[in-house]
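This report concerns only the one structure given below.
2 protein chains.
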Amino acid sequence: MTEILFYFDFSSPYAYLAAKRIDGLAARHGRTVDWRPFLLGVFFKENGGRPLTEYPLKGDYSRHDFARSARRHGIPFRMPAIFPRPSTLAMRAALWIKQRDRARARIFCEAVFDAYFQHGRDIADAAVLLDLAGDLAPALAEGLDDPALKALARAETEAAIHQVGVFGAPYIVVDGEPFWGNDRLEMIDEWLTRGGW
Amino acid sequence: MTEILFYFDFSSPYAYLAAKRIDGLAARHGRTVDWRPFLLGVFFKENGGRPLTEYPLKGDYSRHDFARSARRHGIPFRMPAIFPRPSTLAMRAALWIKQRDRARARIFCEAVFDAYFQHGRDIADAAVLLDLAGDLAPALAEGLDDPALKALARAETEAAIHQVGVFGAPYIVVDGEPFWGNDRLEMIDEWLTRGGW
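Top to bottom, those sequences are chains A and B. Take the first sequence: its position 172, counting from 1, is numbered 172 in our numbering, and each next residue is one higher. Position in the second sequence (from 1) plus 197 gives the number in our numbering.
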């Protein structure tokens, strides 16, 4: 049984909502989840595209739907006043921690999501990220601009897009089978129960 | 209890899949469905956008997902070799029948969907549409180019986009609450069961 791959961008409301449920869903099927941040903006730059909220009509719908989808599952959610925010630094911080302690990175990722989508904090601000990193902050502060870390972050995003085929967030891979969108968690649950179809 | 409004374009695979389940879903909640064809291409012309299958990466994913979503519910599906097809004539034919007999129009709409997404027939060909119309064919053949019918078709699409806010297909409205996408049928079911949230 392989790990479930959870691709997300810290600036995606639907990725936040999926982040709140993906581990529990996986656990019910005896699976674990590999949290894999990437930069959706790179896909947009390469292929065209922009945040959902900026499209005519779909923008209003998506704002309504973020809140409705959150309420459906009792997930706290407040649309950030400034949206989206660049998630480059947050991704780099998450990878830095993940290289050292995967469980800790998982906790950090959720803290970043909560900071942005519950408390409206600026996750593009290094000071906010360091605050969320707790006792790791001093070492993380030194490591954040490491060229090797930057290169790793670029490579992870490139691999997500060009090897896995990720074009949106969240994007979840179960035994090679791709699922795009928070609204596919029920389908993933059924896929795991039935062993595919 | 209001009718459920089912907005669809005859050239949308996800609308076809939703069409196969929406009446049954509604009936389980004592509701009926108003089938409302519109032209998604008009929205694309006004706002930008194109069929899912034409987007990088998302195109391949969507083709995979059409078939997977069909298999999930045991719905016959074969991706048409020529996709998409203009749905203007099919929409006009459906409206012509609907003006005379709503139940008959419902049956015709499903027949058009089946013709395209099961049998690969050309639903932009008037001869195919007349064949699907059965004994209504002679009268329909005379009515299809009626300027009043053309005006009605334009007005229906304009109202869908500019009054209801429809930007994709299927687009389903339940007591004023909008749901976009075949993958939201489960959410609609829950919405009807819980009476919203």
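Where is the CB? At the ideal position from N, CA and C, for every residue including glycine.
Per the C-alpha coordinates, the member of 19/A, 166/A, 2/A and 10/A positioned closest to residue 256/B is 166/A. DSSP places residue 95/A inside the alpha helix (DSSP H), whose first and last residues are 88-100. Using a CB distance cut-off of 8 Å, residue 182/A does not count as an interface residue toward chain B. For residue 282/B, the three-state secondary structure derived from DSSP is coil. Taking the C-beta atoms as reference points, residue 248/B is found no nearer than 8 Å to residue 315/B. Note on geometry: alpha-carbon atoms of residue 277/B and residue 92/A lie some 44 Å from one another. Contact annotation: residue 90/A and residue 105/A have beta-carbon atoms that are not nearer than 8 Å.
Closest by C-alpha distance to residue 61/A, out of 266/B, 373/B and 252/B, is 373/B. Going by DSSP, residue 213/B is part of the alpha helix (DSSP H) stretching over 210-225. Among the residues of the region 232-247 of chain B, those with a Cβ less than 7 Å away from any Cβ of chain A are 244, in the order of the chain.
In the three-state scheme derived from DSSP, where H, G and I count as helix and E and B as strand, residue 179/A is classed as strand.
From the listed residues 390/B, 382/B and 236/B, the smallest Cα separation to residue 283/B is found for 236/B. The Cβ atoms of residue 7/A and residue 182/A do not sit closer than 8 Å to each other. Secondary structure note for residue 388/B: it is in no beta strand (DSSP E), and the uninterrupted alpha helix (DSSP H) holding it is 382-391.
In this structure, DSSP gives residue 116/A a helical state, which the three-state scheme calls helix. In the DSSP annotation of this structure, the continuous segment of the alpha helix (DSSP H) that includes residue 344/B starts and ends at 344-356. At a cut-off of 8 Å between C-beta atoms, residue 25/A does not count as an interface residue with respect to chain B. One Cα belongs to residue 322/B, the other to residue 329/B, and the distance between them is close to 11 Å. DSSP places residue 234/B in the strand class (E or B) of the three-state scheme.
Within chain B, no residue has its CB atom less than 8 Å from the CB of residue 20/A, the nearest being about 16 Å off.
With a threshold of 16 other beta carbon atoms within 10 Å, residue 65/A meets it and is buried. Interface with chain B (8 Å Cβ-Cβ cutoff): residue 61/A is included.
Taking a C-beta distance under 8 Å as the contact criterion, residue 18/A and residue 192/A do not qualify as a contact pair.
Residue-level contact by beta carbon fails for residue 150/A and chain B, as no gap is shorter than 8 Å. Under the DSSP definition of a beta bridge, residue 8/A partners with 37/A. The beta carbon of residue 281/B is closer than 6 Å to those of 208 and 248 in its chain, skipping five residues each way along the sequence. With 16 or more other CB atoms across the displayed protein chains lying within 10 angstroms of its CB, residue 153/A is buried. Look at residue 128/A here: in three-state DSSP terms it is helix. Taking 8 Å as the cut-off, the Cβ atoms of residue 174/A and residue 164/A do not count as close. The beta-carbon of residue 76/A is placed no less than 8 Å from the nearest beta-carbon of chain B. For residue 383/B, the C-beta contacts it makes with chain A under 7 Å involve 186, in order along the chain. Assignment of residue 272/B by DSSP, reduced to helix, strand and coil, places it in the coil class. When the beta-carbon positions are compared, residue 63/A and residue 394/B stay at least 8 Å from each other.
For the options 294/B, 368/B, 296/B and 230/B, the alpha carbon positioned closest to that of residue 240/B is the one of 368/B.
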